[in-house]
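Numbering (this note's numbering), first residue to last: -7 to 519.
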């Protein structure tokens, strides 16, 4: 019996020792550390269409519908919906139990205020707004959308993940001036914004929302169950590419969202680092002029941009090896469902003599033009310098002004003259998912004051864009897109500079990254 008791005591002691050893071991890290492509400056994804703000918005907010990896819409916040036989009335019922991060229930009052704010800002939202007769709450979970004429793209629009996205905010936030960014970040999504630990220029922090209930369907793009498998996501701001490359190689960070193209071969050769694509469509590069003031209020000056620029010069400077880029003059993206280049044939290669003639005919007298840009996103800064050199060769007097990316994007919203803090040109790029459709392509909206920064204004282009929405079948839709594209090649809302594939880098213990228009952080596991 004594021997038995002793054995028992020894077993208990061993168990206690093992327990203490187990407690002393560090818990598996469920914090994902990410180097994003830019610092977060603007918190409101309805006020800004830039990618970093959209990524932030999708962390903390949700939309009524969501696009899958093939850009097809599926219910997200919506539990069920129906359409009247005449297609002029839609009814939507929200999922039960939706709650904002402050504990308030999500109601149709929040939804209606949010949609109205989005319709005042976004390209596809504005188009849906033109078709809308009214939005009415039936009760806290059910609302109706009444249309002036049928629009088949309603679920697609309500699930938009591009441009200014139709996130559902609290009514108090959504009722604010749509032209002024909301400074609160209280959504109902799978992550909560940790404002207390946010350090501009250094770190952005998100915590898992313990109250969030994901849908039951498997994750597919933005659609399906947004299951969070992490406790915390930290965006570590690393504007220097070499620093980010070293950090992914040593494991200081887990994901580099947009690695510099000239360093891809280096990090891809590192053990435990994987370089992969996360989007099914290439990104589009553009040179955007300000249409409000001379010389670019004249389409001849804008067309001179097309004849003066060689896409290969820009793409090689921005993205290096041709493995990652290609020439393309399609406003709606080569490789996408609407990727026609019809009408762009004359300037498929540069023609400097024609560019000079067009510039002279526009009335330009050599006034200084400000090209606003940043080296925070290295390819953009390099391509801006190429733009300045190319345009100087045909007679443009270009002043390249560098600032941090947040300042550049803020300046883009300034409608004043250069003397009032405005601008004349900038280089940027957007996802293929954004640019592949006339309804979501932010640059081809030529609706004057309703258009994106640059504010192009052309009634005929807008009429043709509307014809795409109204097309009754696929064949007529294709003809409508071709007619629209021909018009765009004449009025040049922006100069298409080609397209490129953007990979991301991850440590080999990271899995579950979803194919989507921007990087998403639910479904990701860290082992």
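C-beta: ideal position from N, C-alpha, C; glycine also.
None of these values were measured; they are calculated from a predicted model.
Task: Reference residue 90, options 181, 175, 347 and 445, closest by Cα - done: To locate residue 90, count along the chain shown from 1; it is residue 98. The candidate whose alpha carbon is nearest that of residue 90 is 181.
- [ ] Check whether the Cβ atoms of residue 187 and residue 177 lie closer than 8 Å to each other.
- [x] Here residue 187 corresponds to residue number 195 of the chain shown, with the count starting at 1. Here residue 177 corresponds to residue number 185 of the chain shown, with the count starting at 1. Cβ distance < 8 Å, so residue 187 and residue 177 count as in contact.
TODO: Name the residue from 150, 51, 319 and 420 whose alpha carbon lies nearest to the alpha carbon of residue 364.
DONE: The count along the chain shown starts at 1 and reaches residue 364 at position 372. With distances taken between Cα atoms, residue 364 lies closest to 420.
Open item on the list: Considering only their Cβ atoms, is the gap separating residue 492 from residue 248 smaller than 8 Å?
Closed with: The count along the chain shown starts at 1 and reaches residue 248 at position 256. The count along the chain shown starts at 1 and reaches residue 492 at position 500. Contact: no.
Task: Distance between residue 86 and residue 130 (C-alpha atoms, nearest Å) - done: By one-based count along the chain shown, residue 130 stands at place 138. By one-based count along the chain shown, residue 86 stands at place 94. One C-alpha to the other measures close to 12 Å.
Task: Pairwise C-alpha distance: residue 398 and residue 113 - done: By one-based count along the chain shown, residue 113 stands at place 121. By one-based count along the chain shown, residue 398 stands at place 406. Approximately 19 Å between the Cα atoms of the pair.
Task: Minimum C-alpha distance to residue 447 - residue among 410, 486 and 477 - done: Sequence index remark: in the chain shown, residue 447 carries index 455 (1-based). Among 410, 486 and 477, the Cα nearest to that of residue 447 belongs to 486.
Open item on the list: So residue 416 and residue 426 are supposed to be a Cβ contact under 8 Å. How far apart are they, rounded?
Closed with: As a first step, residue 416 is located in the chain shown; it is residue number 424 there, counting from the start. As a first step, residue 426 is located in the chain shown; it is residue number 434 there, counting from the start. Not quite, the Cβ-Cβ distance comes to about 23 Å (not below 8 Å), so this is no contact.
Open item on the list: Just to confirm before moving on: does the CB-CB distance between residue 283 and residue 179 stay below 8 Å?
Closed with: If you number the chain shown from 1, residue 283 lands on position 291. If you number the chain shown from 1, residue 179 lands on position 187. Contact: no.
Task: DSSP bridge partner residues for residue 422 (one or two, in chain order) - done: Residue mapping note: residue 422 aligns to position 430 of the chain shown, counting from 1. BP columns for residue 422 point to 276.
TODO: Go to residue 110, then tell me how far its alpha helix (DSSP H) extends in each direction, as first and last residue.
DONE: Taking the chain shown and counting its residues from 1, one reaches residue 110 at position 118. Element bounds for residue 110: 100 to 111.
- [ ] Determine the burial state of residue 196: buried for a count of at least 16 other Cβ atoms within 10 Å of its Cβ, exposed for fewer.
- [x] By 1-based counting over the chain shown, the position of residue 196 is 204. It is buried - the Cβ of residue 196 has at least 16 other Cβ atoms within 10 Å.
Task: Contiguous beta strand (DSSP E) assignments of at least 3 residues, all confined to the stretch 480 to 515 - done: 487 to 492 and 495 to 499
TODO: Would you grab the beta carbon distance between residue 147 and residue 117 for me? Rounded to a whole angstrom, and I think it's under 8 Å.
DONE: For the purposes of this step, residue 147 is identified with residue 155 of the chain shown, where counting begins at 1. For the purposes of this step, residue 117 is identified with residue 125 of the chain shown, where counting begins at 1. With 8 Å as the limit, residue 147 and residue 117 do not qualify as a contact, their Cβ atoms being about 14 Å apart.
TODO: Let me know the secondary structure DSSP gives residue 446 once reduced to three states.
DONE: For the purposes of this step, residue 446 is identified with residue 454 of the chain shown, where counting begins at 1. Three-state DSSP puts residue 446 in coil, outside helix and strand.
Task: Cβ-Cβ distance between residue 236 and residue 27 below 8 Å - done: In the chain shown, residue 236 corresponds to position 244, counting from 1. In the chain shown, residue 27 corresponds to position 35, counting from 1. The answer is yes: Cβ separation under 8 Å.
TODO: On a CA-only basis, which of 212, 226, 162 and 160 is nearest residue 189? Give me that one, please.
DONE: The residue you call residue 189 lines up with position 197 of the chain shown. The residue with the shortest Cα to Cα distance from residue 189 is 226.
Open item on the list: Using a Cβ-Cβ cutoff of less than 8 Å, which residues in the same chain neighbour residue 223 once the five nearest sequence positions on both sides are dropped?
Closed with: As a first step, residue 223 is located in the chain shown; it is residue number 231 there, counting from the start. Closer than 8 Å at the Cβ level, and outside the excluded window around residue 223, lie 22, 23, 199 and 200.
- [ ] Report the residue from 481, 445 and 428 whose alpha carbon sits nearest the alpha carbon of residue 452.
- [x] Along the chain shown, one-based indexing puts residue 452 at 460. Taking only the C-alpha atoms, the option nearest residue 452 is 481.
Task: Identified DSSP bridge partners for residue 200 - done: Along the chain shown, read from residue 1 onward, the residue named residue 200 stands at position 208. Its beta-bridge partners are 183.
Open item on the list: By the DSSP assignment, the alpha helix (DSSP H) with residue 48 in it spans what residues?
Closed with: As a working note, residue 48 is residue 56 in the chain shown. 43 to 52 is the span of the alpha helix (DSSP H), which, as asked, contains residue 48.
TODO: Please look up how many angstroms separate the CB atoms of residue 243 and residue 499, rounded, as I've assumed it's under 8 Å.
DONE: Within the chain shown, the letter at position 251 stands for residue 243. Within the chain shown, the letter at position 507 stands for residue 499. Sure, about 6 Å apart at Cβ, within 8 Å.
Task: Alpha carbon of residue 71 to alpha carbon of residue 36, nearest angstrom - done: For the purposes of this step, residue 71 is taken as the residue at position 79 of the chain shown. For the purposes of this step, residue 36 is taken as the residue at position 44 of the chain shown. About 26 Å.
Open item on the list: Considering just the uninterrupted stretch of the alpha helix (DSSP H) at residue 383, what are its terminal residues?
Closed with: By 1-based counting over the chain shown, the position of residue 383 is 391. Residues 370 to 384.
Task: Top-ranked residue by Cα proximity to residue 214, from 231, 435, 172 and 64 - done: Here residue 214 refers to the residue found at position 222 when the chain shown is read from its first residue. That would be 64, whose Cα lies nearest to the Cα of residue 214.
TODO: Express the C-alpha separation of residue 292 and residue 350 in angstroms, rounding to a whole number.
DONE: Taking the chain shown and counting its residues from 1, one reaches residue 350 at position 358. Taking the chain shown and counting its residues from 1, one reaches residue 292 at position 300. Whole-angstrom Cα-Cα distance: 5 Å.
TODO: Could you tell me the distance, in whole angstroms, from the CA atom of residue 369 to the CA atom of residue 229?
DONE: Residue numbering aside, residue 369 sits at position 377 when the chain shown is read from its first letter. Residue numbering aside, residue 229 sits at position 237 when the chain shown is read from its first letter. So the two alpha carbons sit approximately 12 Å from each other.
Task: Separation of residue 151 from residue 167, as counted between CA atoms - done: Counting from 1 along the chain shown, the entry for residue 167 is found at position 175. Counting from 1 along the chain shown, the entry for residue 151 is found at position 159. When rounded, the distance between both Cα atoms is 21 Å.
- [ ] Could you check if residue 295 is buried or exposed, using at least 16 other CB atoms within 10 Å of its CB as the buried criterion?
- [x] By 1-based counting over the chain shown, the position of residue 295 is 303. Label assigned to residue 295: buried.
Task: Nearest neighbour of residue 313, chosen from 342, 115, 256 and 142 [CA to CA] - done: Counting from 1 along the chain shown, the entry for residue 313 is found at position 321. It is 256.
Open item on the list: Along the chain, where does the alpha helix (DSSP H) containing residue 67 start, and where does it finish?
Closed with: Residue 67 sits at position 75 when you count from the first residue of the chain shown. Where residue 67 is concerned, there is no enclosing alpha helix (DSSP H), although the beta strand (DSSP E) it sits in stretches over 65 to 67.
TODO: My understanding is that residue 110 touches residue 38, with C-beta atoms under 8 Å, so please give their C-beta distance in whole angstroms.
DONE: In the chain shown, the residue the question calls residue 110 occupies position 118. In the chain shown, the residue the question calls residue 38 occupies position 46. The Cβ separation is near 5 Å, so the contact holds.
Open item on the list: Using the three-state DSSP reduction, which class does residue 460 fall into: helix, strand or coil?
Closed with: Along the chain shown, read from residue 1 onward, the residue named residue 460 stands at position 468. If DSSP states are grouped into helix, strand and coil, residue 460 belongs with the helices.
Open item on the list: Please state whether the Cβ-Cβ distance between residue 375 and residue 306 is less than 8 Å.
Closed with: Numbered from 1 along the chain shown, position 383 holds the residue referred to as residue 375. Numbered from 1 along the chain shown, position 314 holds the residue referred to as residue 306. Yes. Within cutoff.
TODO: Mind the definition here: the stretch 508 to 519 touches the stretch 44 to 59 only if three or more C-beta pairs lie below 8 Å; say whether that holds.
DONE: yes
- [ ] Could you check the C-alpha separation between residue 361 and residue 410 for me, to the nearest Å?
- [x] Here the question's residue 361 lines up with position 369 in the chain shown. Here the question's residue 410 lines up with position 418 in the chain shown. Rounded to whole angstroms, residue 361 to residue 410 spans 8 Å at the Cα level.
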